[in-house]
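What follows is a set of notes on a single structure, which appears directly below.
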Amino acid sequence: MIQAIHTSVKGRARYKVKELYHSLSLKEYLERSLVNQPEIIDVSANISTGNVLVFFSPKYNYKQIAYLIDEVILNYQKSNQQVQPFTSHKIVKKTQRISGVKQQKIENWHLMPASTVVDTFNTSALGLSSESAAANLRKYGANVLSETEVRSSLSILVDQFKSLPVALLGVAAGVSVFTGGLIDAVVILGVVGVNAVIGYATETQSERIIHSLKHQEQTSAWVMRDGKAQEIPVDNVVLGDVLILKPGSYVAADARLIEADNLSIDESALTGESLPVSKNTASLTGEDVPLGDRLNMIYRGTYITGGQGLAVVVATGQFTEMGHIQTLVGAANATETPLARQLDQVGSQLVVIGMGLCGLVFGMGVMRGYGLVQMLKSSISLAVAAVPEGLPTIATTTLALGIRDMRRNKVLVRSLSAVEALGSVQTICLDKTGTITENKMSVVEIHTNTREIKVTNGEFIAGTGNINPYMYDELLKLIHVSVLCNESEVSRVDGEYVVTGSATENALIYMGIAAGVDAIAIKQKYPLLQTNLRSENRNIMSTIHETHNGHKFVAVKGSPSEVVQMCQGWMKDGEVVPLTDADRQMLEIENDRMAGKALRVLGVAYNHIDESHNGNHETDLIWLGLVGMADPIRRGAKALIADFHHAGIDTVMITGDQSPTAYAIAKELELNRDTQLEILDSSNLNNLTPEALTALSDKVDVFARISPSNKLQVVQALQGAGKVVAMTGDGINDAPALKAAQVGVAMGKGGTDVAREVADIVLEDDRLETMIIAVSRGRTIYNNIRKSVHFLLATNLSEIMVMTTATAVGIGEPLNAIQLLWLNLVTDIFPGLSLAMEAPEPEVLSQPPRNPADPIIKKSDFGRITFESATISASTLAAYGYGILKYGISPQASTIAFMGLTTAQLLHTISSRSEKHSIFSPEKLPHNPYLTAAVTGSFGLQLLAVAVPPLRTLLKITPINLVDGAVIGGSALLPLIVNEATKNTGASKIKKYPKCRVRQYK
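Following the numbering used here, the residues of the sequence shown are numbered contiguously, the last one being 1002.
Now the structure itself:
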């Protein structure tokens, strides 16, 4: 069925094509067929959304185009029916084709009766025969997913040479070889090599650590074959196989349930739904049933938490939902980070400047009668001087040091640019389940005897203080009954409790353990005699136990509204009193209050059994209280959200949960403290055009009931609105969005392998709060690299000004080619690196994120850079003029210019530490020992060049007397004094933001 969803613009329309969802072959067929129609100008189909955008001649209307699309789809379906392996059904939705294997037809299996699905695959509850299974394996291929593409060592190495500044150095080295400057070329290539080694070593170490976190996958599955249960490799599971479902195992393939006995499955890795889902075999109705609501289906990679069942496999390998997500991951494109883009912009500007200078100096020299060869070498040397050799090394080393610091905080960074990119993030998309929350159920609230008790980190809190459950009889009884009316298995390993069972029942056991109850001992003290499980029309569970004196009692838990109707009394101040209708109404109100907080609420009751019950033990019960459970918010998450807001970063929550649950958590987190929370449900999102979603994206705080493709849409919409986006997640369903975001952040301990493989950053211990450290580090790195680039441009421009002015005036060459190269090596790399290691500024987390569109050096900065360069150049030329007056145009004059310019540039490192704070101002900058060492060491190298004869010969410099030394010192100090005195020190004019509390994490 074709649905027109956007037709307001003439000659342009967008259609929803349900068959297109996840169908690569239909996408290609639609685009190929429609573009050949004379009415169609252009067409674009999207398998993630099922939308088709068509541009057509204004002579036609959107209804005529819809008819054309419908015809194309019918032709596609007819052409594919000849190769379909199954009998046709009216509800066929979409098909796919993968090279090397037969395509698997993907139908709405959840809408079919179980018997129809069984007949479709020519199977039964006894499973396939070995011959049929082998035939299906040959026909449709193994049940394997394609490996997530990982970075090889070679690709990591090649990436180190892909920046434009590195390419410029390579060109400069080639030019040097061409003009006979072999030593120049060797030194330049040495710089490139050091840069590559640092980057390669850092990134390969991060990759190695991330891969070491990979979980061991389940390799076998139980199926029915030839009428008996068999354990086979997961790879050999085929269409029509009947899976045997047991607690504690993962589902091997997508399948339709044919039997289910109290079956519950944790689908959080796929759907983001935090609670386990109870499954059944009933057919569903409706066209667009969300993945999380398909209660009769199970999906590959999900975890069986309780019950048992049988299911017919309907999709394997790349045709499973997990396979579809991998397709989305492959289709998502990683976005270039701001720093990489801006450094390339600087490199491009330097190319233009270098080429312009070559032509200018060469032309002026030839006009003044200098030799062609001499001027060619001089102009090329000057162009090489325009390229800061230290720029790639400074950026690479600074980012590598950032990665090292992050690793100390259990934050693993895959690539160098990811640290800086996190520092420029404007919006963080937070996956709820497993990221904001712990992805495990916990008891968070208890209501008993009109007392409201909070349970936090194992402590029971009533009012303003902690309470001891052993001091309150009704509370202790409630905890005992919750532990006893429970199917979870409890054991001890090395003194620690190990609890195995469903998430809900595990939470009740852990509540008992936190209260000091010995869960193993109490189960032994009150042996289990009988269990009455929940059923389709009965939302309670009861267990019968024997007491030490041979009597029996019944423990009950379940739907509060059902349990309370079975009660005649309730515990109040240690005594059993009648439960009145008013009391029941009060308990119903309390249940609604807790449910309104997105808690999963259970009612708990018990009674002693005597002969009067006549076999019906679930009557005349004694009410104990309500137990509220939730997937708890991680400790520190609320404070982290506040820190993000102080840092000017917007926070958006994306979850597969229902809107009420999402709203309750967002409200508790104070996700938006300024205005009312805005929530967008996927049912509304799917009806939006990409343009409308982009316009709405930065106004929405919570996206609820979201699918994997929806997450990708949200991230891309925010990026379309001009935001730098970080995405956090731990599940398979998060992988496409993690890859598309500028910074993907995955969980290392509880996350899935797929999420970690595509993420830029992995939190090794799942502590989300360490992200604020990464943000701080990223911003500091950017600020420091900016200082270094400012310094490099100012000093390199001073060389250009000196050489160009001297050539224009006709006073010879103050510096030769090798001196220019030496000067750049001595004054660029180590001083530049020391600036990149400046301590964080106090306001780093009190300022908003920078605009990613702003270049690393703004237009307003060029005036200041030019002024600083001019002061250094003027002082150097004055010293050179002194040398000419004393020695003529000679090596002695050149030596004075060379030493003066080098010393002035080294002193300029001190001036470049701050744009606002002068060394003469009372506000002292924090001590930077690296800068002291770099300036001292570089100056020592310069003196060594004068003192060591071979170096003097190489550089063509002469010894210096005391008077010349004084002139050199004066020419170097003067620019420092002038530049510091003219700084804009109006610190009070800087806009202040609320102070951000940054905690120290160990």
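A virtual CB, placed ideally from N, CA and C, is assigned to each residue, including glycine. Just so you know, these numbers come straight off a predicted model, no measurement behind them.
- At least 8 Å separates the beta-carbon of residue 871 from that of residue 733.
- Put simply, the backbone Cα of residue 651 is about 55 Å away from that of residue 362.
- Exclusion of the five residues before and after residue 262 leaves 306, 307, 533, 534 as the residues of its chain whose Cβ lies within less than 7 Å of its Cβ.
- With fewer than 16 other CB atoms across the displayed protein chains lying within 10 angstroms of its CB, residue 961 is exposed.
- In this structure residue 568 is exposed. Its beta-carbon is surrounded by fewer than 16 other beta-carbon atoms within 10 angstroms.
- Exclusion of the five residues before and after residue 715 leaves 429, 725, 727, 737, 740, 741 as the residues of its chain whose Cβ lies within less than 8 Å of its Cβ.
- Here the segment 844-858 makes no contact with the segment 961-971; the two share fewer than three CB pairs at distances below 8 Å.
- Our two residues, residue 932 and residue 798, have alpha carbons roughly 23 Å apart in a direct line.
- The beta-carbon separation of residue 111 and residue 241, rounded to 21 Å, does not stay under the 8 Å limit for a contact.
- For residue 561 and residue 770, the gap between their C-alpha atoms comes out near 43 Å.
- In the structure shown, the three-state DSSP call for residue 459 is strand.
- Comparing C-alpha distances from residue 768 to each of 411, 902, 721 shows the shortest one belongs to 411.
- According to the DSSP assignment, residue 756 belongs to the alpha helix (DSSP H) that extends over 753-758.
- With contacts defined by Cβ atoms closer than 8 Å, residue 499 and residue 488 form a contacting pair.
- The segment 226-245 makes contact with the segment 129-141, as at least three CB pairs between them are under 8 Å.
- Look at residue 791 here: in three-state DSSP terms it is helix.
- Between the alpha carbons of residue 506 and residue 456 lies a distance of about 16 Å.
- Residue nearest to residue 600 within the set 844, 657, 780 is 657 (criterion: CA-CA distance).
- Assigned with DSSP and collapsed to three states, residue 56 falls in strand.
- Cβ neighbours of residue 883 within its own chain (closer than 7 Å, five residues either side excluded): 892, 893, 896, 897.
- Taking residue 669 as the centre and dropping the five residues before and after it, the same chain places the C-beta of 638, 641 closer than 6 Å to its C-beta, in chain order.
- The three-state secondary structure of residue 441, taken from DSSP, is coil.
- The alpha-carbon separation between residue 309 and residue 238 amounts to approximately 18 Å.
- The way I'd put it, the segment 938-950 doesn't touch the segment 969-976; fewer than three beta-carbon pairs between them come closer than 8 Å.
- According to the DSSP assignment, residue 667 belongs to the alpha helix (DSSP H) that extends over 659-669.
- Between residue 624 and residue 477 the beta-carbon gap is near 6 Å, inside 8 Å, which marks them as a contact.
- Its chain contains 14, 44 as the residues whose beta carbon lies nearer than 6 Å to that of residue 53, once the 5 sequence neighbours on both sides are disregarded; these appear in chain order.
- The C-beta of residue 731 has 16 or more other C-beta atoms within 10 Å across all chains shown, which makes the residue buried.
- For residue 403 against residue 419, the beta-carbon gap comes to about 6 Å, under 8 Å, which counts as contact.
- Distances from the CA of residue 268 to each of 285, 840, 124, 250 were compared; the closest alpha carbon is that of 250.
- Under the DSSP assignment, residue 736 falls in the alpha helix (DSSP H) whose first and last residues are 735-740.
- If you keep only unbroken beta strand (DSSP E) runs of at least 3 residues inside the segment 296-322, you get 303-315.
- Boundaries of the alpha helix (DSSP H) around residue 817: 817-824.
- In the three-state reduction of the DSSP assignment, residue 140 falls in the helix class, which pools H, G and I.
- DSSP, read as helix, strand or coil, puts residue 954 in helix.
- Separation of residue 155 and residue 744 (C-alpha to C-alpha, rounded to the nearest whole angstrom) is 20 Å.
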